[in-house]
Every structure is written in C-alpha cells, then in structure tokens.
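The sequence shown begins at 6 in this note's numbering and counts up by one.
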Amino acid sequence: MQTQNQASPMLKSIDLVRVDVEQLCLTELEAHAVEVLDTLEALNAYINGPQHKSHNALVNAQNLSRKLRNRSSVEVDEVIISQSEHCLPIMQVERGRRQCQLAA
6 MQTQNQASPM
16 LKSIDLVRVD
26 VEQLCLTELE
36 AHAVEVLDTL
46 EALNAYINGP
56 QHKSHNALVN
66 AQNLSRKLRN
76 RSSVEVDEVI
86 ISQSEHCLPI
96 MQVERGRRQC
106 QLAA
C-alpha cells in the first residue's frame with residue numbers, strides 16, 4: 006500500500022518522460038537517471054505483480070515503461086557523452102540499462 010507522499014510509478018513515469026534532459030546539468034542528469042531506474046523497477050513490479058489490474062492499466066503501464074526505457078536510454082547517453090568525459094556516469098547508465106534488460 007502506498008502512502009500519500011508516494012506517487013504511483015505510472016504518474017512518476019509520465020513526469021519523467023516529459024523532462025527535457027538536454028537542459029539538465031550533469032548532477033541533475035545523474036539524479037534523473039537514478040529516478041528513471043527506480044521508476045522502471047516499480048513499473049516492472051506492478052506489471053509482473055500478482056494483483057488484479059484491468060487490461061487498460063496493464064497496457065498503459067507497459068507503454069509507459071517502454072517509452073521511459075527507449076527515450077531515456079538514447080537521450081541520457083547523448084547528453085552524458087556531450088557534457089562530460091568522465092567514465093563514472095556512463096558506467097552508471099550502462100549498469101542501469103543492463104538492469105532494465107534483465108527486468109524486461
């Protein structure tokens with residue numbers, strides 16, 4: 006059961022898809038990438054969970070997960086590469102991508 010302070014993973018993913026990652030500085034981008042990974046994990050738990058959900062809710066969650074995965078993996082990589090020569094943020098994104106692939 007979620008508390009009132011926690012947004013549902015579907016609402017959170019809608020907000021994350023709308024973020025313009027090109028306007029984020031590197032530290033904000035790293036925080037955004039972590040939030041994307043956490044939201045994808047929560048969406049996957051919802052999709053694969055035993056609780057009853059309508060067909061529309063399931064399809065919407067799958068679409069949001071796909072949008073978030075596709076959009077963030079391409080744009081975050083491009084922005085990180087253009088903003089920094091450091092390896093650590095790129096490694097974090099690669100680690101996140103592997104986790105998403107395992108969960109999908």
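No residue lacks a Cβ here, since even glycine has one placed at the ideal position from N, Cα and C.
Annotation for residue 43: the continuous alpha helix (DSSP H) segment containing it runs 31 to 53. Residue 47 and residue 22 have their alpha carbons spaced roughly 15 Å apart. With the rule of 3 Cβ pairs closer than 8 Å, the segment 57 to 77 counts as touching the segment 14 to 28. With a beta-carbon spacing of about 6 Å, residue 45 and residue 74 fall inside the 8 Å limit used to define contacts.
Residue 26: not part of any alpha helix (DSSP H); DSSP gives it neither H nor E.
In the three-state reduction of the DSSP assignment, residue 60 falls in the helix class, which pools H, G and I. Rounded to whole angstroms, the separation of the alpha carbons of residue 65 and residue 25 is 22 Å. Within 10 angstroms of the beta-carbon of residue 61 lie fewer than 16 other beta-carbons, which makes it exposed. The three-state reading of DSSP puts residue 66 in helix, counting H, G and I together.
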